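These notes concern the structure reproduced below.
Numbering (full-length UniProt numbering), first residue to last: 1 to 358.
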């Protein structure tokens, strides 16, 4: 239906004229002239109850402070839940069913902490900050000195109108809530993994631990190791069905090679060996690959990943490849039962170089 098909008395302009005539006024179009896009202006400002009643303003202030305080308590609850609930604890919560107690508590407390800050800020702005609408003309993007001065003046007016200096209860609780919420993120950083402590520097090897043959799971005796042979051993007490086997063997895997004592060039290597039997870490010092290739004639061991080569007759020094330092040696001896045993742990961390080596 076009405007020509609508009776004139039903047209918007005619309705507006009839309304104005009935109320003794003039039409808006007449007031604005012929420009239908003229600025109609702002409606008259209506004060809120908080603007005229200080008791209502105090109630709003307490409500905002309550939300900020609740946010702080929720943050404390977040940290407490992180400490209290184990990762594997499952609880039934209707209507969600069986869920992780840790995940549920962390989500609820963190969500409540963030929501209360937002709700408090909104309630503050809606009830206590100035709600007078201010119209400003468009201006060029480049700010003139007088504009900068006006911005700073407006900022000062906004700070004054927000009553942040006068409403100390709101200010202090808001600062407390904003200061405590980041603690949730700090606590979450703990989930990046357990603190390494000295775990990268220490292995399961210790004085008196027997060398267990990884093929037979039996203690290794000197007569079991032939000249030119390569044997892999692990510390006594470590079993393949242990839940932490892979973690521990990645540091404690050792290879045993028997050389002729006169072929050993390094004096410390000779002193730490037993009748020509030397024990070295099996973990390559380049990127941690397991070393498994041994050349009997040259006494060299080769890492299959990037061809780093170590001379076991000369302190396992690097003679080729990208490895940065020799393989750590394990000092060994023989116990009362005639079995090979460790005389301590490695004196330096095994595997790839890390920050403490500079």
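Virtual Cβ for every residue (Gly too), placed ideally from N, Cα, C.
From a predicted model like this one, the values you see are computed outputs, not experimental measurements.
Which residues in the same chain have their Cβ closer than 7 Å to the Cβ of residue 171, if we skip the five residues on either side of it in sequence?
Leaving aside the five residues that flank residue 171 on each side, the residues in its chain whose CB is nearer than 7 Å to its CB run, in chain order, 164.
Could you pull out every residue in the same chain whose Cβ sits closer than 8 Å to the Cβ of residue 219, ignoring the five residues on either side in sequence?
Hits under 8 Å: 210, 211, 212, 213, 236, 337, 339, 340.
I'd like to confirm the pairing. Which residues does DSSP put opposite residue 329 in its beta bridges?
280
Using a Cβ-Cβ cut-off of 6 Å (strictly less than) and excluding sequence neighbours within five positions of residue 137, which residues of its own chain qualify?
Close CB contacts of residue 137 within its chain, under the 6 Å cut and outside five residues either way in sequence, are absent.
Element boundaries [alpha helix (DSSP H), containing residue 164]
Run containing residue 164: none; DSSP gives neither H nor E here.
DSSP three-state assignment for residue 264, whether helix, strand or coil
coil
Per-residue burial, residue 22 [other beta carbons within 10 Å of its own, 16 or more giving buried]
At residue 22 the pLDDT is 46, less than 50, meaning the model places this residue with poor confidence; the figure from the coordinates comes in the next sentence. Answer is exposed; the Cβ neighbour count stays below 16.
Determine the contact status of residue 310 and residue 203, defining contact as a CB-CB distance below 8 Å.
No, the pair does not count as a contact, with Cβ atoms beyond the cut-off.
Rounded to whole angstroms, what is the Cα-Cα separation between residue 275 and residue 325?
26 Å
For the candidate residues 102, 168, 228, whose alpha-carbon lies nearest to that of residue 188?
Ranked by Cα distance from residue 188, the first of 102, 168, 228 is 102.
Proximal residues to residue 168 (C-beta, below 8 Å), its chain only, five neighbours per side dropped
none
Residue 72: which of 104, 35, 176 sits nearest, CA to CA?
176
Could you check where the beta strand (DSSP E) with residue 342 kicks off and where it finishes?
Looking at the DSSP string, the run of the beta strand (DSSP E) that includes residue 342 is 340-342.
Helix or strand or just coil, what does DSSP make of residue 213?
In this structure, residue 213 counts as strand in the three-state DSSP scheme.
Length of the line joining the Cα atoms of residue 98 and residue 92:
4 Å
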